[in-house]
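**Student:**
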Amino acid sequence: MSDNVYTLLSVLNNKVVRRSIKSSSKKCQSCGKSHLEVALDDFIGRKPEKRPCIKGRLVSKVIKTAISNSGKAFGITREQMKRGLMDPYVRRGIANILVGVSTFGVSKPQTSGAPFLVVWNYTNACNLKCKHCYQNADNPTPGELSTEQRKRIVDQLAQENVVALAFSGGEPLMRRDFFEVAEYTENNSVYVSVATNGTLITKAVAEKMRKVGVGYVDVSLDGANAETHDSFRGVPGCFNKTVRGIKNLVKEDVYTCLAVTATKDNLHEIPDIIELGKKLKVKRITVFNFIPAGRAQAILDLDLSPKEREHLLELLYDELIKGEIETVSTAPQLARVCLTKSQEEKRDMLAPTHFCAYDLPGKVKYLADFIGGCGAGRIYCAFQPDGLVTPCVFIPIIVGDLRKQPLEEIWLNSPVLADLRNREKLKGRCGHC
């Protein structure tokens, strides 16, 4: 790692700098916003509605210097940094990172000040009977949160600089208040995405999703034809409804991704699913690793062998570098496949965390060390329909209850989340990797 990067890390780990950032993250009554927000606005040249207090101006200088030095260390110009920070989601993300550094120090991988992403199993109600459903979704969970309780949770996400909220389920579109809460989330500058089976997305629903600010939609598709897909989903005729939903989303110019769970039953069809994705003009295909949670525990024998998974990831890499469609996977082995194959081809294609892969040239590739690996409890967590919090949708360990505790308290004080962040506790093959 370059000397510039080491110097930057030393500065960010300085106790005075960390204390300054930490104190700046809460709303200032005089400034009307946090000093961190004031500093980020100042960096991009945005004029405040009223002059910041003396402390706000001092903190702003410290944070602006830290941001500028961060850019230099990774070979990013000040103008590039300014352009990036014009995006409110990027500003929220930078604020989250800085608070994470101030709270946890610099670490590999880094823990954010609050989850970057929350996946909210918004309801347990579902109109399908998928045999690999991690949530055992069918009917609404007893005691699901009210609409007002959900909005108060969104308020917390906004306050804690959570960047993105993914509505999942069950089928999130089955709750009447979905659009109300989704729009409320977007209005609070939290990025909105949705994971859906697609069967309920009529033209009117797709249009409404765009209008309320849904930025990204994962549509589950587990086969290139009705026979395969419907066998996964447990309801005849859902393939055609899902494809119709995808077409409606694409027509509304909503960023659409096909979500495929890879098993022995559909492995041979994944090349055809990729071609179908191209035909439907979706932006991305994410192949999810089979996880034996929920109903999936009954079909353990359908999981891929290591050799089958390796061939699949190599296929996804080859499709990715063609540039016709983005093909990624939640399988952590994708990072190794991208690293080894791109080195052979004199590329810099890296997968710094699961379900993303980018060409990261020069010093920027060092960022992968800090993003690295599974984000459960480190940059990500999950909410249940009744407000219970888990590290991940696939880890059914309750770490808090939003009906009784604020998110900040859960994120900072959960012993389970602390253990997940400590990579030194990993044993066996996980520890070696």
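Numbering (the numbering used here), first residue to last: 10 to 442. Virtual Cβ for every residue (Gly too), placed ideally from N, Cα, C.
Closest by CA to T247, which one among D231, K260, V259 and D262?
**Tutor:** Strictly speaking, residue 247 in this sequence is Cys, with Thr absent from that position. Of the candidates D231, K260, V259 and D262, the one whose C-alpha sits nearest the C-alpha of C247 is D231.
**Student:** Would S423 pass as a contact of V408 if the rule is Cβ separation under 8 Å?
**Tutor:** Yes, they are a contact pair.
**Student:** Could you check which residue in T132, R387 and K316 has the C-alpha nearest to that of G152?
**Tutor:** If we check each option's Cα against that of G152, T132 comes out closest.
**Student:** Compare the C-beta of R387 against all C-beta atoms of chain D and say whether one is closer than 8 Å.
**Tutor:** Structure shown: chain D not included; a single protein chain is present.
**Student:** Tell me whether the beta-carbon of L435 lies closer than 8 Å to the beta-carbon of A385.
**Tutor:** No; because the gap between Cβ atoms is not below 8 Å, this pair is not in contact.
**Student:** Whose C-alpha, out of L267, N234, G243 and D164, is nearest the C-alpha of D227?
**Tutor:** Residue L267 is the option with its Cα nearest to D227.
**Student:** Does the Cβ-Cβ distance between L174 and T194 come in under 8 Å?
**Tutor:** Yes, the Cβ-Cβ distance between L174 and T194 is below 8 Å.
**Student:** Label I76 either buried or exposed according to how many other C-beta atoms from any shown protein chain fall within 10 Å of its C-beta, with 16 as the threshold for buried.
**Tutor:** It is buried - the Cβ of I76 has at least 16 other Cβ atoms within 10 Å.
**Student:** Which stretch, first to last residue, makes up the beta strand (DSSP E) that contains Y143?
**Tutor:** Taken as a continuous stretch (DSSP letters only), Y143 belongs to no beta strand (DSSP E), as it is neither H nor E.
**Student:** Going by alpha carbons, who is nearest to F98 out of K56, L166 and A146?
**Tutor:** According to the sequence provided, residue 98 is Tyr. The question's Phe does not apply to it. For the residues K56, L166 and A146, the minimum Cα distance to Y98 belongs to L166.
**Student:** Tell me N78's beta-bridge partners as DSSP assigns them.
**Tutor:** N78 pairs with nothing; no bridge assigned.
**Student:** Could you pull the DSSP bridge partners for L174 from this structure?
**Tutor:** BP columns for L174 point to V127 and V201.
**Student:** Since L397 sits in a beta bridge, which residues does DSSP pair it with?
**Tutor:** In DSSP, L397 forms a bridge with D410.
**Student:** Specify the secondary structure class of K212 as computed by DSSP and reduced to three states.
**Tutor:** Residue state, collapsed to three classes: helix.
**Student:** Could you name each continuous alpha helix (DSSP H) segment of 4 residues or more that falls completely within the segment 81 to 118, going from the start of the chain to the end?
**Tutor:** Fully enclosed alpha helix (DSSP H) runs of 4 or longer: 87 to 94 and 97 to 113.
**Student:** Taking the alpha-carbon positions, what's the I283 to I334 distance?
**Tutor:** For I283 and I334, the distance between alpha carbons rounds to 8 Å.
**Student:** From the DSSP output, in three-state form, read off I419 for me.
**Tutor:** In the structure shown, I419 sits in a helix (DSSP, three-state: H, G or I).
**Student:** List the endpoints of the continuous alpha helix (DSSP H) containing R345.
**Tutor:** Run containing R345: Q342 to E353, per the alpha helix (DSSP H) assignment.
**Student:** Roughly how many angstroms lie between the CA atoms of G80 and T86, to the nearest whole one?
**Tutor:** Roughly 6 Å between the two C-alpha positions.
**Student:** By Cβ distance below 6 Å, which residues in the same chain neighbour T272 in space, the five residues on each side in sequence not counted?
**Tutor:** The residues are F299 and L311.
**Student:** Apart from the five residues on each side of it in sequence, which residues of its chain come closer than 6 Å, Cβ to Cβ, to V47?
**Tutor:** Closer than 6 Å at Cβ, skipping near neighbours: C40, P61, G65 and S69.
**Student:** What does DSSP give as the partner residue(s) for E169 in the beta ladder?
**Tutor:** Bridge partners of E169: none, in fact.
**Student:** So, under 8 Å CB-CB, T112 and K31 are touching, yes? Tell me the CB distance rounded to an integer number of Å.
**Tutor:** Between K31 and T112 the Cβ distance is about 7 Å, and since that is below 8 Å, they are a contact.
**Student:** Helix or strand or just coil, what does DSSP make of V302?
**Tutor:** In the sequence as presented, Val is not what sits at residue 302; that position holds Ala. Note: A302 maps to coil in three-state DSSP.
**Student:** Could you work out which residue in L67, K59 and G54 is closest to V25 when comparing CA atoms only?
**Tutor:** Nearest of L67, K59 and G54 to V25, Cα basis: L67.
**Student:** Which residue wins for smallest C-alpha separation from E157, given the options V214, L411 and A340?
**Tutor:** Among V214, L411 and A340, the Cα nearest to that of E157 is on L411.
**Student:** Quick check on T339: does DSSP put it in helix, strand or coil?
**Tutor:** Correct three-state label for T339: coil.
**Student:** Going by DSSP, what residue range makes up the beta strand (DSSP E) through S32?
**Tutor:** Looking at the DSSP string, S32 is not in any beta strand (DSSP E); the run it does join, the alpha helix (DSSP H), is K24 to S32.
**Student:** Who pairs with D147 in a beta bridge, going by DSSP?
**Tutor:** Answer is A134, bridged to D147.
**Student:** CA-CA distance, N145 and I162?
**Tutor:** Near 24 Å, if we compare the C-alpha coordinates of I162 and N145.
**Student:** Let me check one thing: in DSSP terms, what residues is F297 bridge-paired to?
**Tutor:** T270.
**Student:** Under 8 Å Cβ to Cβ from D239, same chain only, skipping five residues before and after it: list those, please.
**Tutor:** G232, P245, G246, C247 and F248.
**Student:** Quick check on this structure: which residue in I330, P301 and Q342 has the alpha carbon closest to the alpha carbon of K316?
**Tutor:** Among I330, P301 and Q342, the Cα nearest to that of K316 belongs to Q342.
**Student:** With a cut-off of 8 Å on the beta carbons, I'd call C139 and G243 a contact; round off their distance for me.
**Tutor:** Correct: roughly 6 Å between the Cβ atoms.
**Student:** How big is the Cα-Cα spacing for N197 and R101?
**Tutor:** Each residue's alpha carbon lies about 11 Å from the other.
**Student:** Look up T120 in the DSSP assignment and say whether it is helix, strand or coil.
**Tutor:** In this structure, T120 counts as coil in the three-state DSSP scheme.
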